[in-house]
Every structure is written in structure tokens, then in C-alpha cells.
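A.B. asks: Residue numbers (the working numbering), protein chains in the order written: chain A, 53 to 220; chain B, 28 to 507; chain C, 154 to 490.
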Amino acid sequence: MNPYLFGYLAAAIVGLSAVALTRKNPVHAVLLMIVMFFHLAVLYLGLGAEFLAAVQIIVYAGAIMVLFLFVIMMLNIKEEIEGERFTGGWPLGISLASGLFLLLIIMTGNVLPGQQGIYTAQVIASQTDTKALGSVLYTQYIFPFELASLVLLVAVVGAIVLAKKKLR
Amino acid sequence: MPEFLRTQVMVILPEALLAVFAMAVLLLDLVVKRKGILAALTIGAAVCGFFALSGTGGGGSAWGGMFIADGYGFFFKIIFLASLVLSVLVSSRYLIEEDINHGEYYALMLFSTIGMMVMASAGDLITLYLGLELMSLCLYVLSGFIRGSLRSNEAAIKYFMLGSFASALLLFGISLTYGLTGTTAIDGVAKYIAAHGLAGNPVLAFATVLYVSAFGFKIAAVPFHMWAPDVYEGAPTPVTAFMSVGPKAAGFAVIGRVLLVALSQMSFEWTGLVIALSIMSMAAGNILAIAQTNIKRMLAYSSIAHAGYALLGIIALSPEGLASTLSYLFIYAFMNIGAFTVVTLLTTKGVKAEDLKEYVGLSKTHPFLAALMLIFMFSLTGIPPTAGFIGKFYLFTAAIKAGYTWLAVVAVVMSAISAYFYLRVVMYMYMKEPEGEVKLERSYGARLALGVTALAVLVIGMMPAGLVEFARSAIAGFRG
Amino acid sequence: MNFFEVVFQPGIMDIIVKMLIILVKAVVVVGVLMLHVTYATYFERKSIGHMQVRLGPMQVGPHGLLQPIADFIKLFFKEDIIPAGADKPIFFIAPVISIFAGMTAISVIPFFNGFVIADINIGLLFILAMSSLNAYGVMLAGWASNSKYSFLGSLRSSAQVISYEIAMGLSLVGVMMMSGSLNLSDIVRAQERFPGGFYWPQALGFFVFMVAAFAETNRTPFDLPEAESELVAGYFTEYSGMRFALFYVAEYVGMILMSLVAITCFLGGWDGPFAIPYVPFAWLFLKLYFFIFLFYWIRATVPRYRYDQLMALGWKLLIPLALLNILGTGLVKVLLR
């Protein structure tokens, strides 16, 4: 991947997230998040993960953020905007986060790439990303895959139990 | 079914059976009016799961090492199934009293148990995470199951928020480990670290800190305990009983899998952390419990303290230590559910029975119940001849043998402090006159659960050899 | 070929040439598309007019042929009104999102063998991704207008689009399974073995897709977001002039896009019963006109659904049907192997 492109994407992702965090208007924050997701999708594209890029847009930008927006639109935003932007604990939060950030920066020198699997970039490119992902997901990772389906089922049941107006 | 597939499915048979039952409960809930039938079905599921488990006890690993059915997992799964059966027995009447008698309750209980069982058998960090998430999601919903109660809502929200934070920490840890080693298989990580001399790598150390924080949250160890008192207080009492036992044991199961296997080379780094966690948990749990007047909150702090004790066996880094942690968790399951069952039995329509004052003079109005509560309180304190004593005894000996005499001394001092608030309940029950009529919930299930737990506490207390032997044999094949 | 391999291959001249080719292709497609949009409005008014036994536009030009041009000029010079209390940046950007989503998706559609702006491996997913963004234009327009009607329209629309997106995505899974690819050109080529296309082996999927396509484009009988009789014009009530025109164009682009996807995935794309010399895209356009007519035909025939009926149809009929279709396709594939 082109290092300049990567630099731009990385900077944009971090910058957009920071700007989104500091918006008073939640709708603006959501929109910035969507732009951020697009950058993330392009990042995936550049790494040869086309399927992931498409799913990133479909699931996050297309579904999850729409639901976010849906909920936010129900709020009374005028009141929301007039209130305090952050809760009282934010200096603590920021110092914790920047401490963590510093720690991670110091550690970057110690990051060693681990062993490589059989799916190198060439192999994936030759059989297309989607096919490679599918064949691994439905063979090697079938057990976690099925487990994830149970997690989703529980999420659906849980949402209904907690939110349905009248259970029977 | 092809032979290959059959052997794979046989290994996860207990979990698969439970999943089938859970979905059956969900579907039957549509047509069944008496939810007691669903409770019976849930207990039936646990029994079937138990038999399937005994049939495939040491079945080895399956799904490419993603799932390991060894003795270690077997031991934990027995704890989970026992706590499931006991909590369901306690629940059925409570749900009617609280007017939350919905069939989804049992399905969620079952799914949560499946999650724990997967955690105990995880051979891969991905399976581990998914199991943990399955367990936690069910518990978030279950703790908010009394939808009309603000405290229950608060419990669910608080648990969910902090729980997702813990999950995020765990995922961050997993991603760092994966980046460094290129694998998510638990034994693969261990092998890679050993082969490439990664032990002591700062990034791996950071990942270790993240793992300890995430698991510390699940077992409610200080300083990751903030959620516990509020959640335990707000959740329906049988759910509190269930989640003070199963998830805690599951947390220890994954601590064993990750810290003792995957990061065994990093033990120098994490023992310090875990020792700090253990001391803080014992101290904060026991001391803060003194100030509580709500019995559910008190038991929450006590469960924090017990997580601290149980960590001693992990710190010891010996098979003996691990075995003592296992048997302690087994004992803890019975004594804690027993204590919560007493609380549940005293809960009737409109009466919460959570304030300690409600227990004043219980020995006069309900002598038998008071006697059982006495047994559980003694056991939680660790007074012979109850099981609690045996559990602590083995834990402390393991710690001393591993050279942590000072830690054992701290633990003993903390146990002495804990006597104050456990015995205060006993004092209220026996030394004071009753102030009014106390009604009991009409639940045969809860009474049965009470009998079973009390019997277990006493029998293990007097004849511990069987349990200790079971725990030892469970970890025989465990590479740590 | 990977999207990035196309754009970022070494050799600066190579890159410039490639970019130029893409640019030219894009300009051609956009030009043709805009022409079609313009006359699709005329076609709609005429065909619905005749179905209702009236003549439709007759005044401007012979048989009103210049009517769309006149409309355009009028809209272009109209005053641009922004309601008080509107969230200006979002109010401005909403129609752009709508039109951007539709136009971008068209870039992966093969118009004839070898003519695609971007021949990417995940073409079908890309279309789904872009059409899912369509909801933002509508939602944001409704919210930013600071008006009740707009807001109600946008709420309806977002719920509707999310619900039907699932059915649409699932209905296309059968096509993906039969062709073994997400690349739209490969999908068209895979249909050569089936005379006419996938519409008969995938009849169920085709049906679900068409219903979902009507809902996704907010066309009758699912035009609740802009139900004139209840919500004035729904989410774009407060828009006027050029911005209104943008929404209008976006709606027709969406309609053309959905028709093109249906043609590519179910009706054999550019293929036809016999080759027409010199115009390789003839069949595709004939099919496109048929689908556009179908949209109008249904608009003139079927009354609007009630909101709960719409939701029930989406979740309780279309999604199960689409799942059934996936199961059936999978079974047949396994049995025929």
C-alpha cells in the first residue's frame, strides 16, 4: 500500500474521530463517523480486503449508523446542545487516554510481526478476498461462526425482552 | 453423518444439547401457559447435558483445537450445570411473585450456561471471546429482567456498559497477542512465545495487563469490581445467585486457560498483578461489606472478597494451587447459592427482605431456615466443619507451599474481618427478638435447592477427600 | 481485478491514461444517465396520463416533448428557500448524498461486454453498500428541514429502507450462489447457460428483489415517505428550486439503478436472444425501458400500502421467502453436484 495514502487515511481516521467526539450536535457527530467509516473502508481496500471494505460500509455506515441517527432524531437536540458537553470526569479520561497513547507509542519499537499463515497477500489476491474469507470461515472457523449465531440470537431475544411494550 | 463430523459433534455434545433445549424453550414459550414446564425442561436440559458430559468427559479437542473437552473443562461444567439447576429451582416461584414470569428467562439462563461451558473449553482466543460474550449478553438482559424496577434497569445498564468496556479490553489484548504471535490458538501462542523468546516483551506484557483487567472484571476483583454491588442488588435475586457463581467460575476457567497456558512464560509479569488484585479484593471486599445494611450488597462485597481468595490458588502456580482454586469454586457455588436462596425464600409479594433488619429474630419465627442460613454464613466465613473451611484451608496451604506465607497471613486476617459481617447476620437471627410476622415464599423448588446446598456444604465440609480427589484428577491432563 | 490495482499501478503515464479512460467512461455514462432521467419524467407523465385516459403534457414542443427541458429551466432559476431553524450544512448536503449514492453505484454496472467504469470483484456488494447510503439523504433531509412533515417522512423512510435492504441483500444471495462471483460482468456471463437469465431458476429471488426494489426507491405502492395525501411531499417538503431537482433526479437515478441491477442479476444483462450489430448495449437499454415502464405501470395500478402492512410484508414475508430461496438454491446446488 502506498505509504502516503496510508498516512492520509490514518491521520484522517484519527482526526475525524477526534472531531466527532467534540461535536455538540450528535447528528453532526454521526455524520463525521460515517465519513470516518469511509476512510476505514478505503484502508481495507488498500490492504486487499475488498469484502471487509464493502461490509464495513453496508453494516456500519448503512445499518448501525442509520439506527443511531434514528434514535438521535427522537431526542430533543436543542436541549442536548445547550447542556454541558462533557461530564465532570473528562480531565481524568483524557489523561488516562493520553497516558495509554504514550505507552503504545513507546511500545511500537517492540512490536515484532508474528508468524505468517498460508494466506499471504498473493494467495488472497489470486483467489479473491471474498472466496478466501468464505472458505476459511466455513471450514476452520465454523465453530466460532456458529457460536456467533447464538450470540446474535441472544441479542435479539434480549432486545425484545427488555424493550417490548408488553410481553404477552 | 460423515464419521469425521460425528466425532467433532460428539465433543461438543453437551453444549449442542443445551443449545437445542434452549431453542426448544424459546419456541415452547409461545404455546405453554404454565412456565413451570419450561423450568422443568431447563432442569431436564441440564441433566441431559450432565449425562452427555460424563459420556464425553475427556473427549479431547475438536474443530481444529478451537474446543477442548478435557478434565479441567469437565470440572467447571459441573459447577455451571449445578448452579443452573439450583438457580432455576429457586427462580420459578420468585418469577411469579415478582410478576416477571416470562419463558425467555429460562432460555437466557441456558444460553448463558452454554457461554460459560464454551469459555471453560476454549482452545482458541476467538472461541473464548465468543463464549464470554454469549454468557455476558444473557446476564445483562437477565439482570434487567424486572423491567418495572428502576434498580433492575440500572443494574442492567451499568453491567452492560462496564461489561462492554471489559470486552473491549479483552479484544485489544487478543489483537496484540495475535499481532505478535500470528495465531489465536491458546497453545499456539504459548509455543510461539517459548520458541521465539518473546517472554518479557513489553507489548506482550501490555496485552497481559489487558487480559488480567478483562478477566478481573468478570470475576469482580478489585479494582474492577465497581459494577458488582449495584448489579447484585438490582438484579432479580435468583439471577444474582446465578451470576455470583457461574460467571465467576467461568472467569477463573479462562484465567487458567490464558494465564497458565498461553502466557505461562509471562508468569513473572502477571503474578505481581494478580497478587495485587487478590490483596485488594480481599481487603476492599471484606472491609466494605461491614458497612452494608442490604444483604444482597453485603453478599456482593463478600463475593468480591471470595474472588480474592480464589486467586491465591492461581498465584501459587502449582497443580496443587489450581486444584485448590477449582475445589474452592465448587464449594463457593453451593454456599453462595444457598445464602441467596434464603434471601429469595423471604421475598414475597411486596416484601423485599433485603435489609438486614428483616432477619431479626428469624430463629424464632423460622428456626429451620435460620439454621440453614447459619450454616451458609459459617461456611462463607470459613468455620469448620463447613465446606468453606476446607476450601480456604487448601487455598492457604497451596499459597504457603508456593512460598507466599505472607499472602496467606493476609488472607487469614481478612477472613477474620469477614467474620464480623457474616456473624452479624447470625447474631440478628439468634440474639434478637422478632419484630413481626415473616412470611415465606411457597416454593418447593427453592426448598429443594436449600436442602441440596446445605447438604453439600456439610458433606463436603466433613468428607472433603472426594472433592479434592476430583479436582486433582480434573487438572491431571491440564498443561500449565 | 482489485480496485486499487486498477488505480494505483506503477508508472505515472499508465496511471494518467487509466484515469483519463475512466474519466471519459464516467462522463459518457453520466451524460447518458442524465438524458434518461430527464426523459424518464416525460415518459412517466405521458404513460400514466394515457393509462388514466388523459394526454399528459402537450403544450411545450410537439406532444410536449420539450416539457422536461422547460421544467429544468424553471427549477434552475427558482428561488432557493431555506426554512428557518434548518440545520444548514446538513440541509445542503442531504440531496447531494442521495444523488451521489445512486450515481456511484452505477459505476460498477456493465453496459456491454467489457464496458464497465470500475470492474471490481465485489460489484454486487458495492451496489448494496451504496444503496444503503441512500437512507442518509432522505433521513437527513427530513431532520434538517425542521418541519413535521419532513421529519415524519424521513422516519418512515429510514425504517422502510433498512427493513427492505435486508430482503434485497438476501434475495441477491441466490444469484451469488449460482454465479459464484460478486463481479457483475461474471454474473452476466454465468447467465449465458440459462436462456433468458436467472429470472426463472431464481424466480423467488427475483420476486423478492423486485418488491424490495420498489420499496428501496420509495416508489408506489411503497411511497409512504413522500405520501402526498398525508405528508405533503414527505422528506423534501421544504426543498425548492435546484435542491428539489436534485432529489427528483436522485429518485429517478435510484429507479434506473434498481432496474439495471435487476437486469444484470436476473435478466442476462447485455445479452439478448440474438446479437444486434454495432449497438452492443441495445438489449440492456430495451430491458431498462421495460423496467422503467413497469415502475410507472405499477404506480398507475396499485394503491399505497399502510405502514404496518409495509413492515409486515418486509419482515414476515419477503425475508423468510428470501431465506427459503437461499436454502433451496443451496440444496439444488448440492444435489446437482
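Glycine is no exception: its CB is placed at the ideal position from the N, C-alpha and C atoms.
How is residue 235/B classed by DSSP in three states: helix, strand or coil?
C.D. replies: On the second sequence, position 208 is the one that residue 235/B refers to. Of the three classes helix, strand and coil, the one that applies to residue 235/B here is helix, per DSSP.
A.B. asks: Whose C-beta lies closer than 7 Å to the C-beta of residue 244/C among residues of the same chain, with five residues either side of it excluded?
C.D. replies: As a working mapping, residue 244/C is identified with position 91 in the third sequence. Hits under 7 Å: 235, 297 and 298.
A.B. asks: Identify each residue in the stretch 184-202 of chain A for which the Cβ-Cβ distance to at least one residue of chain B is less than 8 Å, and report them in chain order.
C.D. replies: If the cut-off is 8 Å between Cβ atoms, the stretch 184-202 of chain A has 192, 193, 194, 195, 196, 199, 200 and 202 near chain B.
A.B. asks: For the putative contact between residue 437/C and residue 422/C, defined by C-beta atoms under 8 Å, what is the C-beta separation to the nearest angstrom?
C.D. replies: Walking along the third sequence from the start, residue 437/C turns up at place 284. Walking along the third sequence from the start, residue 422/C turns up at place 269. Correct: roughly 6 Å between the Cβ atoms.
A.B. asks: Beta carbon of residue 263/B, beta carbon of residue 121/B: below 8 Å?
C.D. replies: Counting from one through the second sequence, the residue named residue 263/B turns up at place 236. Counting from one through the second sequence, the residue named residue 121/B turns up at place 94. Cβ distance < 8 Å, so residue 263/B and residue 121/B count as in contact.
A.B. asks: Give me whichever residues DSSP pairs with residue 378/B in a beta bridge.
C.D. replies: In the second sequence, the residue the question calls residue 378/B occupies position 351. Residue 378/B pairs with 375/B.
A.B. asks: At a CB distance below 7 Å, what residues from the stretch 92-126 of chain A approach chain C? Give them in sequence order.
C.D. replies: Within the stretch 92-126 of chain A, the qualifying residues are 97, 98, 100, 102, 103, 106, 109, 110, 113, 114, 115, 118, 121, 122 and 125.
A.B. asks: Does DSSP put residue 524/B in a helix, in a strand, or in coil?
C.D. replies: Residue 524/B lies beyond the stretch modelled for chain B, which goes from 28 to 507, so this question has no answer here.
A.B. asks: List the residues of chain A whose Cβ lies closer than 8 Å to the Cβ of residue 206/B, in chain order.
C.D. replies: For this step, residue 206/B is matched to residue 179 along the second sequence. Chain A residues near residue 206/B: 163, 165 and 166.
A.B. asks: If you check the beta carbons only, do residue 488/C and residue 365/C fall under 8 Å apart?
C.D. replies: One-based indexing of the third sequence puts residue 488/C at position 335. One-based indexing of the third sequence puts residue 365/C at position 212. No, Cβ-Cβ distance for residue 488/C and residue 365/C is not below 8 Å.
A.B. asks: Would you say residue 387/B and residue 341/B are within 8 Å of each other, going by their C-beta atoms?
C.D. replies: Walking along the second sequence from the start, residue 387/B turns up at place 360. Walking along the second sequence from the start, residue 341/B turns up at place 314. Result no, Cβ atoms of residue 387/B and residue 341/B do not sit closer than 8 Å.
A.B. asks: If we call anything under 8 Å between Cβ atoms a contact, is residue 355/B one with residue 328/B?
C.D. replies: Numbered from its first residue, the second sequence carries residue 355/B at position 328. Numbered from its first residue, the second sequence carries residue 328/B at position 301. Not in contact: residue 355/B and residue 328/B (Cβ atoms no closer than 8 Å).
A.B. asks: Suppose you measure from the CA of residue 338/B to the CA of residue 352/B; what does that come to, to the nearest Å?
C.D. replies: On the second sequence, residue 338/B is found 311 positions in, with the first residue counted as 1. On the second sequence, residue 352/B is found 325 positions in, with the first residue counted as 1. About 7 Å.
A.B. asks: Give me, in chain order, the residues of the same chain whose beta-carbon lies closer than 6 Å to that of residue 404/B; leave out the 5 immediate sequence neighbours on both sides.
C.D. replies: For this step, residue 404/B is matched to residue 377 along the second sequence. Result list for residue 404/B: 449, 452 and 453, in chain order.
A.B. asks: Apart from the five residues on each side of it in sequence, which residues of its chain come closer than 8 Å, Cβ to Cβ, to residue 390/C?
C.D. replies: As a working note, residue 390/C is residue 237 in the third sequence. Counting only Cβ-Cβ distances below 8 Å, and skipping sequence neighbours, we find 298, 300, 302, 303, 306 and 384.
A.B. asks: Among 415/C, 484/C, 359/C and 404/C, which residue has its Cα nearest to the Cα of residue 474/C?
C.D. replies: Within the third sequence, numbered from 1, the residue matching residue 474/C stands at position 321. For the residues 415/C, 484/C, 359/C and 404/C, the minimum Cα distance to residue 474/C belongs to 359/C.
A.B. asks: Closer than 8 Å by C-beta to residue 501/B: which residues in its own chain qualify, once you throw out the five before and the five after it? Chain order, please.
C.D. replies: In the second sequence, counting from the first residue as 1, residue 501/B sits at position 474. Only 98, 99, 101, 102, 350 and 353 meet the Cβ criterion.
A.B. asks: What is the C-beta distance between residue 373/B and residue 481/B, in whole angstroms, given that I count them as a contact (C-beta under 8 Å)?
C.D. replies: Mapped onto the second sequence, residue 373/B falls at position 346. Mapped onto the second sequence, residue 481/B falls at position 454. Contact flag wrong, Cβ pair sits at about 16 Å.
A.B. asks: In the DSSP assignment, find the unbroken alpha helix (DSSP H) run with residue 214/C in it and report its ends.
C.D. replies: As a working mapping, residue 214/C is identified with position 61 in the third sequence. No alpha helix (DSSP H) holds residue 214/C; DSSP gives it neither H nor E.
A.B. asks: Using 8 Å for Cβ pairs, my map puts residue 295/C next to residue 388/C. What's the rounded Cβ distance?
C.D. replies: Position 142 of the third sequence, counted from the first residue, corresponds to residue 295/C. Position 235 of the third sequence, counted from the first residue, corresponds to residue 388/C. Correct: roughly 4 Å between the Cβ atoms.
A.B. asks: Residue 303/C by DSSP, collapsed to three states: which one?
C.D. replies: By 1-based counting over the third sequence, the position of residue 303/C is 150. In the structure shown, residue 303/C sits in a helix (DSSP, three-state: H, G or I).
A.B. asks: Name the one or two DSSP bridge partners that residue 508/B has.
C.D. replies: The structure shown does not extend to residue 508/B, since chain B is modelled only from 28 to 507, so the question has no answer here.
A.B. asks: Kindly list the residues whose CB is nearer than 6 Å to the CB of residue 361/B, restricted to its own chain and excluding five residues on each side of it in sequence; keep chain order.
C.D. replies: On the second sequence, position 334 is the one that residue 361/B refers to. Excluding sequence neighbours, residue 361/B sits near 480, 483 and 484.
A.B. asks: Does any residue of chain C have a CB that is nearer than 8 Å to the CB of residue 175/A?
C.D. replies: Here residue 175/A refers to the residue found at position 123 of the first sequence. No - not a single Cβ of chain C is within 8 Å of the one on residue 175/A.
A.B. asks: Mapping the DSSP letters down to three states, classify residue 138/B as helix, strand or coil.
C.D. replies: Against the second sequence, residue 138/B aligns to sequence position 111. Three-state result, residue 138/B: helix.
A.B. asks: Counting only Cβ pairs nearer than 7 Å, list the residues of chain A close to residue 362/C.
C.D. replies: For the purposes of this step, residue 362/C is taken as the residue at position 209 of the third sequence. In chain order: nothing, as chain A lies at least about 16 Å away.
A.B. asks: Quick one: complete alpha helix (DSSP H) runs, 4+ long, within the stretch 348-430 of chain C?
C.D. replies: Whole alpha helix (DSSP H) segments, 4+ residues: 356-369, 381-384 and 394-419.
A.B. asks: Put residue 96/B into one of helix, strand or coil per three-state DSSP.
C.D. replies: Counted from its first residue, the second sequence places residue 96/B at position 69. Residue state, collapsed to three classes: strand.
A.B. asks: With three or more beta-carbon pairs closer than 8 Å as the criterion, would you say the stretch 238-255 of chain B touches the stretch 220-228 of chain B?
C.D. replies: Short answer: they don't touch.
A.B. asks: With a cut-off of 8 Å on the beta carbons, I'd call residue 155/B and residue 281/B a contact; round off their distance for me.
C.D. replies: Position 128 of the second sequence, counting from 1, holds the residue named residue 155/B. Position 254 of the second sequence, counting from 1, holds the residue named residue 281/B. Right, the Cβ-Cβ distance comes to about 6 Å (below 8 Å), so this counts as a contact.
A.B. asks: Looking only at its own chain, which residues have a Cβ that is under 8 Å from the Cβ of residue 35/B, when we skip the five neighbours before and after it?
C.D. replies: For the purposes of this step, residue 35/B is identified with residue 8 of the second sequence, where counting begins at 1. These residues qualify, in order along the chain: 89 and 90.
A.B. asks: Go to residue 88/B, then tell me how far its beta strand (DSSP E) extends in each direction, as first and last residue.
C.D. replies: Indexing the second sequence from 1 puts residue 88/B at position 61. Counting along the chain, the beta strand (DSSP E) containing residue 88/B begins and ends at 87-89.
A.B. asks: Please identify, using Cβ separations under 9 Å, the residues of the stretch 301-320 of chain C that lie next to chain A, in order along the chain.
C.D. replies: Answer set for the stretch 301-320 of chain C: 304, 307, 308, 311, 312, 314, 315, 318 and 319.
A.B. asks: Per DSSP, what kind of secondary structure is residue 224/C in: helix, strand or coil?
C.D. replies: Taking the third sequence and counting its residues from 1, the one referred to as residue 224/C is at position 71. Residue state, collapsed to three classes: helix.
A.B. asks: Determine the DSSP secondary structure at residue 505/B, reduced to helix, strand or coil.
C.D. replies: The sequence position of residue 505/B within the second sequence is 478, counting from 1. Looking at residue 505/B - three-state DSSP - the assignment turns out to be coil, as it is neither helix nor strand.
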